[in-house]
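To start, the structure under review is shown below, and the notes come after it.
Residue numbers (our numbering): 3 to 636.
Given below as structure tokens:
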């Protein structure tokens with residue numbers, strides 16, 4: 003049998019064919035540009051299919067809505083008339099949809115919903131939150147505005163479920179948005195909004211026309227307004243502390259609901275209701291007092307790490323007044339900053355919604371610190387304005403610190419004599435107290451003279467504690483490393499939160515704590531040196547020593563999440579106090595001169611006042627009674 007041999011020509015042929023195939027496959031591959039173009043084409047095709055599907059769904063939904071709202075067939079028409087009665091007319095109009103009407107001014111972006119006729123979105127154009135997101139007071143159904151009323155044919159209706167017809171007109175420079183819930187073209191319930199070009203106040207009127215025979219006048223017509231307030235600050239717990247429902251009633255009385263938990267109240271003759279949200283407020287005012295308003299506030303922040311959207315839930319309910327069976331109520335909506343000068347311009351007491359403190363504290367803030375800071379911030383950077391204001395305050399109170407230090411110096415000079423009295427009468431504390439008071443009176447060195455100056459400073463201290471967290475002008479104003487003087491400063495982020503401290507390190511509270519430590523060390527040392535030696539003093543000294551360390555530590559933890567402007571004030575204030583004490587001690591007061599003056603006063607003691615005389619008489623009587631008891635025992 004003949005063997006088959008591999009033909010060389012065949013091999014070459016196969017190799018050429020294989021090479022041609024490889025070449026053809028290589029040359030037929032698309033270039034990177036062609037691949038990118040193909041990918042774009044695929045994406046465009048997918049997007050086109052999605053868009054077409056969305057349009058189909060929208061068309062189907064629109065067709066369904068049109069069929070439902072306009073009630074084309076008789077079955078739907080009958081069902082709608084059975085449900086809405088005379089107000090079925092409004093549901094048959096072209097405006098019977100969930101569309102919105104938008105109006106813009108220099109300061110506000112407003113949207114009005116056809117369904118319900120209320121403001122469905124309010125944006126403040128001039129402000130952003132801590133994360134540079136525009137400030138919305140109303141958005142994404144965080145509000146509910148509804149009028150509940152009965153009809154003459156025994157139906158109970160809610161305006162939030164009914165469709166209003168919108169019209170937008172001009173009244174001079176103002177824009178008027180009319181939302182009408184119609185029974186017919188001549189009979190309707192109207193929400194009338196008048197918006198001014200550069201104003202945070204929107205005039206709002208609720209009125210009816212021709213509905214006296216449609217609305218049941220024997221039943222109350224109740225308005226229910228609810229709002230969940232959005233978080234806008236870096237620290238939700240700090241913002242929530244100053245987010246509170248405030249209202250004015252019975253003339254000029256101001257009251258608030260609790261900022262924690264759930265609180266409710268019913269008040270008569272309410273002029274305005276402020277749903278305050280720290281630096282921004284939504285306020286409903288009435289030109290005539292609302293006879294009775296049910297108010298409710300619910301705290302929504304339980305865990306700062308979880309609850310990051312809303313701070314409070316507010317609610318106000320009241321009955322609308324009728325005249326001849328028709329509704330007529332003139333109201334106003336304020337959507338804007340919680341800024342004293344802005345609120346004051348409306349001249350209806352809205353500035354009282356700012357938590358400046360009660361009594362003398364609020365008076366000091368409104369008439370001293372607010373105008374003083376506004377003046378300084380008019381030509382100085384805000385951080386420098388705080389420093390200058392602190393210097394001025396400490397300068398005005400320096401005489402108080404001088405009196406306090408002088409009293410301690412006098413007691414320090416008298417300490418040897420006071421110790422001698424206590425040693426002499428160690429078995430008779432009453433007698434020791436009598437002679438101590440007599441010596442202090444002769445020398446003009448009463449311990450109360452050192453306490454009273456400290457008490458004078460307390461109103462100023464508390465007023466400033468209220469001023470800085472409420473000062474709108476400090477919001478988002480930077481100074482040194484602090485990005486926002488109305489919020490905490492951050493120099494380091496912690497990998498985990500520390501209880502009562504937070505998840506960050508603020509530098510201004512650290513500086514303030516150090517300054518407080520040295521100030522307390524100086525003042526406590528001076529106080530201990532001026533106190534006479536007596537039983538229990540070692541324990542008292544130990545307690546005061548602990549306070550030197552405890553107070554700065556409390557400051558460090560408490561203010562780590564507070565406004566950096568407040569920590570800046572305490573830091574500068576304590577530095578100045580230390581400086582004043584050093585100047586008084588080293589350059590103004592001379593203990594030798596004080597001792598000489600005391601010796602002169604002891605020879606010519608001042609006359610006791612009524613209080614001192616009464617105290618001396620009481621102590622004398624107590625001593626006599628004690629002596630009589632001891633004599634009877636013998």
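All residues carry an ideal CB built from backbone N, CA and C; glycine is no exception. Note that the coordinates shown come from a computational prediction; the quantities given were computed from them, not determined experimentally.
{"Asked": "Inter-stretch contact at 8 angstroms, needing at least 3 Cβ pairs: the segment 334-354 / the segment 196-208", "Found": "yes"}
{"Asked": "C-beta atoms of residue 125 and residue 111 nearer than 7 angstroms", "Found": "yes"}
{"Asked": "Per DSSP, cross-strand counterpart(s) of residue 160", "Found": "150"}
{"Asked": "Opening and closing residue of the beta strand (DSSP E) in which residue 347 lies", "Found": "It is not in any beta strand (DSSP E) - residue 347 carries neither H nor E in the DSSP assignment."}
{"Asked": "Span of the alpha helix (DSSP H), counted from its first residue to its last, around residue 566", "Found": "566-585"}
{"Asked": "Reduced DSSP secondary structure (H/G/I, E/B, other) of residue 221", "Found": "coil"}
{"Asked": "Nearest neighbour of residue 210, chosen from 100, 191, 153, 219 [CA to CA]", "Found": "191"}
{"Asked": "Cβ-based neighbour list, residue 404, same chain, cut-off 7 angstroms, excluding 5 preceding and 5 following", "Found": "586"}
{"Asked": "Neighbour-count burial assignment, residue 482, 16 or more Cβ in a 10 Å radius", "Found": "exposed"}
{"Asked": "Buried/exposed call for residue 492, threshold 16 Cβ in 10 Å", "Found": "buried"}
{"Asked": "Residue 302 (DSSP reduced to helix, strand or coil)", "Found": "coil"}
{"Asked": "Endpoints, the alpha helix (DSSP H) within which residue 387 is located", "Found": "384-398"}
{"Asked": "Contact set for residue 71: own chain, Cβ-Cβ below 8 angstroms, skip 5 residues either direction", "Found": "Note that residue 71 scores 46 on pLDDT, short of 50, meaning its location in the model is unreliable and no value can be drawn from it."}
{"Asked": "Proximity to residue 139 [Cα-Cα], best of 159, 551, 234, 168", "Found": "234"}
{"Asked": "The segment 245-254 contacting the segment 154-173, beta-carbon criterion three pairs below 8 angstroms", "Found": "no"}
{"Asked": "Integer-rounded CB distance, given that residue 114 should sit under 8 angstroms from residue 168", "Found": "6 angstroms"}
{"Asked": "Rounded straight-line distance, which links the Cα of residue 402 to that of residue 353", "Found": "32 angstroms"}
{"Asked": "Spatially closest choice to residue 715 from 158, 523, 524, 569, by CA coordinates", "Found": "Absent from the model: residue 715. The displayed extent of the chain is 3 to 636, so no value can be given."}
{"Asked": "In DSSP terms, what residue 278 is bridged to", "Found": "283"}
{"Asked": "Residue-level contact to chain D via CB, residue 295, 7 angstroms cutoff", "Found": "Checking the listed chains, one finds no chain D in this structure; it contains a single protein chain."}
{"Asked": "Bridge partners - residue 228, DSSP secondary structure assignment", "Found": "146, 317"}
{"Asked": "Exposed unless 16 or more other CB atoms sit within 10 angstroms - verdict on residue 180", "Found": "buried"}
{"Asked": "Assumed close pair residue 284, residue 229 - CB separation to whole angstroms, cut-off 8 angstroms", "Found": "6 angstroms"}
{"Asked": "Residues sharing a beta bridge with residue 506, DSSP", "Found": "495"}
{"Asked": "Where residue 564 falls, given that 16 or more other Cβ within 10 Å makes a residue buried", "Found": "buried"}
{"Asked": "Beta-carbon proximity of residue 469 to residue 342, cut-off 7 angstroms", "Found": "no"}
{"Asked": "Reduced DSSP category for residue 513 - H, G, I as helix; E, B as strand; rest coil", "Found": "helix"}
{"Asked": "Inter-stretch contact at 8 angstroms, needing at least 3 Cβ pairs: the segment 182-190 / the segment 252-269", "Found": "no"}
{"Asked": "Same chain, Cβ closer than 6 angstroms to residue 221, neighbours up to 5 away in sequence not counted", "Found": "152"}
{"Asked": "Unbroken beta strand (DSSP E) run spanning residue 358, endpoints", "Found": "It is not in any beta strand (DSSP E) - residue 358 carries neither H nor E in the DSSP assignment."}
{"Asked": "Assigned exposure category for residue 294 - 16 Cβ within 10 Å defines buried", "Found": "exposed"}
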